[in-house]
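Beneath this line is the structure, given in structure tokens, with notes to follow.
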Amino acid sequence: MDTKCFDLQFHDETNRQQIIKPDEIDVTNENKVLISKLSIDQRILNSIKGSLFGLAIGDALGAHVEFRPQAYLKENPVKDLQGGGTWGLEKGQFTDDTSMAICLAISLIICQDFIPYDQLVRYKWWYRHGYMSSTGQCFDIGIATEQSIQEFESRQKKFAQENQIDLDEIDQLSENKELLDKFNVNCSNDGAAGNGALMRLSPVPLFFYQNPSKAIEYSGISAKITHGDKKAIDSCRYYAALIVASLQGTFTKDELLHEDFYKNNRKWFGSEELHPDVLAVISGSFKKKGGYDQGIRGKGYATGTLEAALWAFWNDKNSFEKGVLQAINLGDDTDTTAAIYGQLAGAFYGYDKLIPQKWRETLYAKEFLLYVSNSLAFSGDLWYKNQQKDNFTKFKLNSKHSFLDSTRNSLRSLTSRQSIERNPSKTIERKVIDLKGSIGHFYNAFNDSLTDFKENDVGYIQKENFFSKKCFVKRGNEIELQNLLELVGFDNELRLSLLSHLISSSGISSIVNYPYLIDENTRLVYYSLITQRTYIKENDFKSMKSTK
Numbered sequence: 001m002d003t004k005c006f007d008l009q010f011h012d013e014t015n016r017q018q019i020i021k022p023d024e025i026d027v028t029n030e031n032k033v034l035i036s037k038l039s040i041d042q043r044i045l046n047s048i049k050g051s052l053f054g055l056a057i058g059d060a061l062g063a064h065v066e067f068r069p070q071a072y073l074k075e076n077p078v079k080d081l082q083g084g085g086t087w088g089l090e091k092g093q094f095t096d097d098t099s100m101a102i103c104l105a106i107s108l109i110i111c112q113d114f115i116p117y118d119q120l121v122r123y124k125w126w127y128r129h130g131y132m133s134s135t136g137q138c139f140d141i142g143i144a145t146e147q148s149i150q151e152f153e154s155r156q157k158k159f160a161q162e163n164q165i166d167l168d169e170i171d172q173l174s175e176n177k178e179l180l181d182k183f184n185v186n187c188s189n190d191g192a193a194g195n196g197a198l199m200r201l202s203p204v205p206l207f208f209y210q211n212p213s214k215a216i217e218y219s220g221i222s223a224k225i226t227h228g229d230k231k232a233i234d235s236c237r238y239y240a241a242l243i244v245a246s247l248q249g250t251f252t253k254d255e256l257l258h259e260d261f262y263k264n265n266r267k268w269f270g271s272e273e274l275h276p277d278v279l280a281v282i283s284g285s286f287k288k289k290g291g292y293d294q295g296i297r298g299k300g301y302a303t304g305t306l307e308a309a310l311w312a313f314w315n316d317k318n319s320f321e322k323g324v325l326q327a328i329n330l331g332d333d334t335d336t337t338a339a340i341y342g343q344l345a346g347a348f349y350g351y352d353k354l355i356p357q358k359w360r361e362t363l364y365a366k367e368f369l370l371y372v373s374n375s376l377a378f379s380g381d382l383w384y385k386n387q388q389k390d391n392f393t394k395f396k397l398n399s400k401h402s403f404l405d406s407t408r409n410s411l412r413s414l415t416s417r418q419s420i421e422r423n424p425s426k427t428i429e430r431k432v433i434d435l436k437g438s439i440g441h442f443y444n445a446f447n448d449s450l451t452d453f454k455e456n457d458v459g460y461i462q463k464e465n466f467f468s469k470k471c472f473v474k475r476g477n478e479i480e481l482q483n484l485l486e487l488v489g490f491d492n493e494l495r496l497s498l499l500s501h502l503i504s505s506s507g508i509s510s511i512v513n514y515p516y517l518i519d520e521n522t523r524l525v526y527y528s529l530i531t532q533r534t535y536i537k538e539n540d541f542k543s544m545k546s547t548k
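Taking full-length UniProt numbering, I'd label the letters of the sequence shown as residues 1 to 548.
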């Protein structure tokens with residue numbers, strides 16, 4: 001895949017005054033080559049293109065009436081793409097919403113991963129040089145976004161001085177992981193709750209949709225670097241979940257907009273609850289037939305715009321045209337409300353349903369945007385396959401390899417002993433640890449029964465001649481999960497099925513004090529053995545360390 005077209009390029013490389021704009025980048029041949037390499041489902045590709053084009057079309061449709069009040073739009077409703085207006089744009093040109101979304105998409109494509117530093121670099125290029133702007137200049141920038149970019153520049157200069165880095169090279173810091181880890185990318189004020197992160201969101205869930213938990217986690221981080229308020233962060237997390245679900249293709253529109261969507265897919269969101277203001281929106285505050293007359297507003301704050309976009313989607317009669325125009329005609333932040341609506345509606349309806357077709361054809365730099373869409377689909381799929389490859393074929397034991405060997409030997413030693421008798425004094429119990437990290441029950445393997453245990457923190461159980469280890473489920477990564485599955489002795493095919501949630505994982509057992517973190521998203525049931533000290537040799541016991 002050719003990514004040179006995504007570089008910061010100027011017509012005059014010496015003075016760097018006249019940037020090469022998206023519509024001046026010829027990607028015709030690159031797009032043909034890329035399309036021939038795409039192996040993902042056409043429905044998925046249609047949704048990815050639909051989301052990015054839905055964003056850009058909504059942005060372009062609303063641009064010429066941005067900041068106009070609803071009273072004006074009630075008398076002069078937007079019905080089609082127009083030029084002029086607030087920013088004096090040509091028909092089909094987009095604003096900051098789309099420019100920043102393209103910057104975010106390109107960062108994911110180039111880095112083949114989620115690197116907030118690189119995202120900020122590209123936002124800075126847009127701010128200072130007009131990178132990925134439809135006019136070649138930065139315009140229509142939000143206050144919180146501008147302050148965050150300026151803070152990022154200030155931190156870059158300080159960091160370069162402290163680490164003896166040439167300022168001309170500081171933008172390439174993403175290539176040095178050791179230094180990158182030292183750079184604080186959260187450049188926003190804690191109270192920044194605007195919609196400037198939500199408007200550019202969709203590339204993140206579109207790239208990571210095959211791993212919903214990652215898509216939602218990264219969507220929150222993508223907001224935090226410029227909008228530090230939890231309301232803005234959680235608006236992005238929730239909206240990302242809706243986009244992911246749209247790509248999966250197994251949810252109806254009613255299911256997406258149902259108040260139980262969050263509860264039914266709670267595992268996607270990790271341990272952190274959504275902000276109460278976001279919960280109020282998803283509980284159904286947007287379901288108001290009267291729209292504006294009942295309090296729906298297209299203002300500049302994240303939760304309000306989230307509510308407005310969801311209202312437009314809920315009330316669009318399955319028509320992108322109707323929904324996007326409804327979003328615009330709420331007034332005020334017209335381009336952003338429509339762009340946010342377009343991200344979800346485009347993902348759900350697909351590129352082919354973004355009608356009238358003339359909007360797609362008239363959109364500024366549409367060929368370049370198609371290439372970005374195809375590249376995002378290709379790169380996201382490649383990222384997921386590489387993750388799977390790491391999990392299933394690139395398995396490597398770390399420095400604790402010797403411990404795993406001793407643990408396996410201990411297991412073999414335990415299972416080979418035939419002298420254990422079935423009586424209460426010699427019962428082996430396995431603690432079943434639930435997804436929240438608390439201990440739910442003891443499992444009595446000899447009597448095949450569960451015993452309630454009320455405490456969350458077990459610690460040591462005071463029983464004569466018995467010992468117990470404290471074990472917790474913690475969030476881990478896929479390589480740690482791979483360690484767990486190999487330790488149990490599952491073959492590759494069974495591991496793949498478990499990691500893909502295709503079969504139940506309740507058969508995993510006989511793991512003695514597994515030392516690594518356990519991925520909470522796998523629904524693994526983790527067991528630790530409790531038995532009499534006399535049945536484990538002292539040297540074996542010493543090699544078994546509790547989970548920390």
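Yeah, the Cβ is synthetic: ideal placement off N, Cα and C, and Gly gets one too. Just so we're clear, the structure is a prediction, and the values are computed from it rather than from any experiment.
### Residue nearest to residue 197 in terms of C-alpha spacing, selected from 118, 5, 275 and 233
233
### Task
Could you tell me the distance, in whole angstroms, from the CA atom of residue 550 to the CA atom of residue 82?
Residue 550 cannot be examined here, being either before or after the span of the chain that is shown, 1 to 548.
### Query
Per the contact definition of three or more C-beta pairs closer than 8 Å, is the region 236-249 in contact with the region 337-350?
yes
### Query
Per DSSP, what kind of secondary structure is residue 19 in: helix, strand or coil?
strand
### Query
Which residue's Cα is closest to the Cα of residue 148: 113, 175, 193 and 112?
193
### Query
Got a sec, what are the start and stop residues for the alpha helix (DSSP H) residue 116 sits in?
116-129
### Query
Under the three-state reduction of DSSP, which class applies to residue 89: helix, strand or coil?
strand
### Query
At which residues does the alpha helix (DSSP H) containing residue 230 begin and terminate?
230-248
### Message
I'd like the list of long-range same chain contacts for residue 124, defined as Cβ closer than 7 Å, with 5 residues on each side in sequence excluded.
### Response
149, 152 and 153
#### Entry: Nearest neighbour of residue 318, chosen from 253, 297 and 358 [CA to CA]
253
### Message
Using a Cβ-Cβ cutoff of less than 8 Å, which residues in the same chain neighbour residue 139 once the five nearest sequence positions on both sides are dropped?
### Response
87, 95, 96 and 133
### Nearest-angstrom Cβ-Cβ length linking residue 337 and residue 308, presumed shorter than 8 Å
5 Å
### Query
Between residue 312 and residue 292, is the Cβ-Cβ spacing less than 8 Å?
no
### Task
For residue 554, count neighbouring C-beta atoms within 10 Å of its own C-beta (all shown protein chains included) and say buried if the count is 16 or more, exposed if not.
Because the chain spans 1 through 548 in this model, residue 554 falls outside it and cannot be assessed.
#### Entry: Under the three-state DSSP convention, the category residue 139 falls into
coil
#### Entry: residue 72, DSSP secondary structure in three states
helix
### Task
Report back the beta-carbon spacing between residue 550 and residue 334 to the nearest angstrom; my notes put them in contact at under 8 Å.
This structure cannot settle anything about residue 550, because the visible part of the chain is limited to 1 through 548.
### Message
Within 10 Å of its beta-carbon, does residue 249 have 16 or more other beta-carbons around it, so buried, or fewer, so exposed?
### Response
exposed
### Burial state of residue 161 (16 or more Cβ within 10 Å)
exposed
### Task
Write down every uninterrupted run of the alpha helix (DSSP H) in the region 297-322 whose length is 4 residues or greater and which is fully enclosed by it, in chain order.
302-314
### Message
Determine whether the beta carbon atoms of residue 379 and residue 109 lie at a separation below 8 Å.
### Response
yes
### Message
I believe residue 30 touches residue 371 by the beta-carbon criterion, under 8 Å. Please report the beta-carbon distance rounded to the nearest angstrom.
### Response
6 Å
### Query
Just the Cα atoms here: how many angstroms apart are residue 28 and residue 275?
44 Å
### Whole-angstrom distance between residue 89 and residue 568, CA atom to CA atom
It is not possible to answer for residue 568, since the shown part of the chain is limited to 1 through 548.
### Query
For the region 53-64 against the region 323-333, are there 3 or more C-beta pairs whose distance is under 8 Å?
yes
#### Entry: Of the listed residues 144, 15, 239 and 343, nearest to residue 187 (C-alpha basis)
144
### Message
Suppose you measure from the CA of residue 320 to the CA of residue 355; what does that come to, to the nearest Å?
### Response
7 Å
### Task
State the Cα-Cα distance for the pair residue 369 and residue 52, rounded to the nearest angstrom.
8 Å
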